[in-house]
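Contents: one structure, followed by commentary.
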Amino acid sequence: MADQTTSDKSPEAILRELDGIRMGGDRSATPLMCFAMFEHLYFRGGGEAELRARLLEAAAGFLAQNGEAVTHYFSEKTGNEAPIAGKDPVALFQARLAAGGFDGDDMSFGAFSKEVAPVDLLIHAKRSQKLPSAYSQARPIAAMLEDPDAFVADVVARAAQLRPEQGTVSVNPHRLFGGIAGYPKLYWPLVARFPGLGFPHLIRSAAVERKIIQANWLTILDDGYVEALGGDAALAELEAKGITLHRYEGGVVLQAGPIPELGDINAGVWPRGLAHVYAYIAPAQARDAPTKPNQAIKVPEPLDPLEETRKWLTRFDRMPEVH
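Quick note on the working numbering: the sequence shown kicks off at 255 and runs consecutively.
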C-alpha cells in the first residue's frame, strides 16, 4: 500500500486491502503487524467499583462478539497470560471485584489472540482519580465493513454505557497483543503518509490535563468538551459540514463519513470530514503535547519522537484550507 497511489481507489477498496495485509520485519518472515479497527476510550474515577463493573460488562459484550478469536487472557490473580479455553475471565474478575479484591489497587483486564489477528481487549482502571483510565479494543476492519451502521451503533451504545471523557475509533496499525511500539520502521511510514490512520495509546498525559488527544473517524466527547467547544451551535455547524452526530446521555459521537477515509498526503488527498472534526476540537486539543519522549510515538532514527508526534497531531494544519 505504501508503494502506490491510493487516489484512484475507493475508501472501501483501500480498507479491504488493508484488512488482508500482514507485515513482517527485516529479519523474519513471521507476520508482526496488521491493521484493525481500534477503539480507545478514556475515563476518570477508575477506582470506583461502579465504573469497574460497567467496564467488565463491556468486556463481556466484547467476548460475546469475538470470543471465537480470543485465545488468552490475563489472570485476575497473577496478571500472567493464561489460556482462555473453558474459562469465563469476566466472571472471575467480577467475583474478585464483588469481594473487594481490587480495593485500593489498579484493575487491569486483558483478552487477546496469540495469533497476529486484529482482536484484543485491554482495560486499565486506575485507582487514581487524576490519572486517566482506559478501555481499548481492536476488531477486524471487515467487521466494520460488513455493516458500518451496526458497527457505529455498537460504539454509541458502549459510549452510553461507559460514559468516557473522550475517545476515538480509527483504522490503526496493530500487532500481536502487546502494542506495536517496537516496530516503527513498519508503521511510521504509513502513519506519516495516510492522515486518516490513527495511533493507539497516544500521550495519555494529555488526558490528565483535560485536553483532547486526537480525533478520527469516530470521535467521542463528553458534554463538558461539547460545552467548552461552543455547545449545540458549534455542533450544528459541524453537522452542516457533513459530520453525523450521535447524541447519547452525557456526550456525543462525531462520525466523519460513512466509513473511514485514510487519504494520502503523497497524492494530495486528505479526508475532509476528519479535517472538519480536527478544526472543531482544535481549541481544546493537546497540540503542544507530548512533553516527554516516553509519551511520544516511537519513530525510526534519526527522527525526533517529540517533533514527529507533534507534527502528526497537527497534520491537518498542512492541509489546504477547508471550507
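C-beta atoms are modelled at their ideal positions from N, C-alpha and C, and glycine is treated no differently.
Computed from a predicted model, the values in this text were never measured in an experiment.
Exposed or buried, residue i, counting other C-beta atoms within 10 Å across all chains shown (16 or more means buried)?
i, result
"D571", "exposed"
"R298", "buried"
"N426", "buried"
"T563", "buried"
"D476", "buried"
"E293", "buried"
"R276", "exposed"
"S264", "exposed"
"N470", "buried"
"N320", "buried"
"G522", "exposed"
"E575", "exposed"
"Q468", "buried"
"P454", "buried"
"P547", "exposed"
"E369", "exposed"
"A371", "buried"
"A487", "exposed"
"E515", "buried"
"A550", "buried"
So, residue i versus residue j, is the Cβ gap smaller than 8 Å?
i, j, result
"L416", "L499", "no"
"P418", "L483", "no"
"M573", "L440", "no"
"L269", "L399", "yes"
"A407", "V373", "no"
"K380", "D403", "no"
"E330", "L346", "yes"
"R412", "A318", "no"
"F405", "A396", "no"
Rounded C-beta distance between residue i and residue j? I'm assuming under 8 Å.
i, j, result
"G527", "I474", "So it is not a contact: roughly 16 Å between Cβ atoms."
"G517", "P449", "5 Å"
"A353", "M291", "The Cβ separation is near 35 Å, so there is no contact."
"L385", "F316", "About 23 Å separates the two Cβ atoms, so there is no contact after all."
"L489", "V480", "7 Å"
"W566", "V445", "7 Å"
"S387", "G300", "3 Å"
"A224", "V344", "The requested residue 224 does not occur in the structure, where the chain is confined to residues 255 to 577."
"I377", "L472", "Not really, about 19 Å apart at Cβ, beyond 8 Å."
"V409", "V506", "Not really, about 12 Å apart at Cβ, beyond 8 Å."
Suppose you measure from the CA of residue i to the CA of residue j; what does that come to, to the nearest Å?
i, j, result
"A339", "A529", "44 Å"
"S367", "I466", "30 Å"
"F356", "G364", "15 Å"
"S390", "Q348", "19 Å"
"A414", "P556", "43 Å"
"A510", "P438", "27 Å"
"Y532", "S424", "14 Å"
"L451", "N520", "14 Å"
"H326", "A540", "35 Å"
"A336", "I513", "35 Å"
"R464", "A543", "12 Å"
"R429", "G478", "34 Å"
"G274", "E266", "13 Å"
"R447", "T332", "41 Å"
"T284", "P394", "19 Å"
"L351", "F289", "33 Å"
"K552", "D262", "31 Å"
"Q383", "S362", "16 Å"
"A256", "Y534", "Its pLDDT being 44, under 50, A256 is placed unreliably by the model, and the measurement read from it follows with that caveat. Cα-Cα distance, rounded: 29 Å."
"F431", "A307", "Because F431 carries a pLDDT of 48, less than 50, the predicted location of this residue cannot be relied on, and no value is offered for it."
"T545", "K341", "42 Å"
"R569", "K495", "20 Å"
"N334", "F328", "5 Å"
"D401", "E561", "38 Å"
"E503", "G485", "15 Å"
Could you tell me whether any Cβ in chain C is nearer than 8 Å to the Cβ of residue i?
i, result
"Y502", "No chain C is part of this structure, which consists of one protein chain only."
Quiz prompt | beta strand (DSSP E) runs wholly inside the stretch 261-335, at least 3 long, in chain order | solution = 285-297 and 326-328
Quiz prompt | Continuous alpha helix (DSSP H) assignments of at least 4 residues falling wholly in the stretch 507-575 | solution = 526-535 and 559-567
Exercise. Could I get the ranges of all uninterrupted beta strand (DSSP E) runs contained in the stretch 386-469, with 3 residues as the minimum, in chain order?
Key: As far as the stretch 386-469 is concerned, its whole beta strand (DSSP E) runs of at least 3 residues are 387-393 and 420-429.
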